[in-house]
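Asker: What follows is a single structure, and I will ask about it in a moment.
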Amino acid sequence: MAENPQQVLDFLTDLAKRARPQGEKELAQLRAFAKAEFGVDELQPWDIAYYSEKQKQHLYSISDEQLRPYFPENKAVNGPV
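Under the UniProt record's numbering, the first residue of the sequence shown carries the number 1, and numbering increases by one thereafter.
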């Protein structure tokens, strides 16, 4: 447990620094996928979710809609009762 707010900020800063390279790698892969499959030269922030879903369908042959029955909203939000 954090002893003070600065520890929380330090933790989050360190986490962001460590996660950034992987995030940049995944974004580059998504950009390459969108260009190769859809001819999109530049992804806009509002495009990320759409093309991420398309990439997931392409790579794993599964969609969020197929997964939805396994994660009902009341259980996902409230946790197991």
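Quick reminder that beta carbons are idealized off the backbone N, C-alpha and C, glycines included.
(1) Please list, in chain order, all residues of the same chain as R31 whose beta carbon is under 6 angstroms from its beta carbon, the five residues on each side excluded.
(2) Could you have a look at A2 and say whether DSSP puts it in helix, strand or coil?
(3) Under a three-way DSSP split, which group does Q44 fall into?
(4) For L72, name the three-state secondary structure that DSSP assigns.
(5) Are the CB atoms of A34 and Y51 within a distance shorter than 8 angstroms?
(6) Three-state secondary structure (DSSP) at W79?
Answerer: Looking at the atomic coordinates:
(1) Taking the first residue of the sequence shown as position 1, residue 31 is located at position 31. These residues qualify, in order along the chain: L43.
(2) Numbered from 1 along the sequence shown, position 2 holds the residue referred to as residue 2. Coil at A2, not helix or strand.
(3) Mapped onto the sequence shown, residue 44 falls at position 44. In the structure shown, Q44 sits in coil (DSSP, three-state: anything other than H, G, I, E or B).
(4) Position 72 of the sequence shown, counted from the first residue, corresponds to residue 72. Note that residue 72 corresponds to Pro in the displayed sequence, not to Leu. The answer is coil: DSSP assigns P72 none of H, G, I, E or B.
(5) Working through the sequence shown from its first residue, we reach residue 51 at position 51. Working through the sequence shown from its first residue, we reach residue 34 at position 34. Closer than 8 angstroms, so yes.
(6) Residue numbering aside, residue 79 sits at position 79 when the sequence shown is read from its first letter. According to the sequence provided, residue 79 is Gly. The question's Trp does not apply to it. In the structure shown, G79 sits in coil (DSSP, three-state: anything other than H, G, I, E or B).
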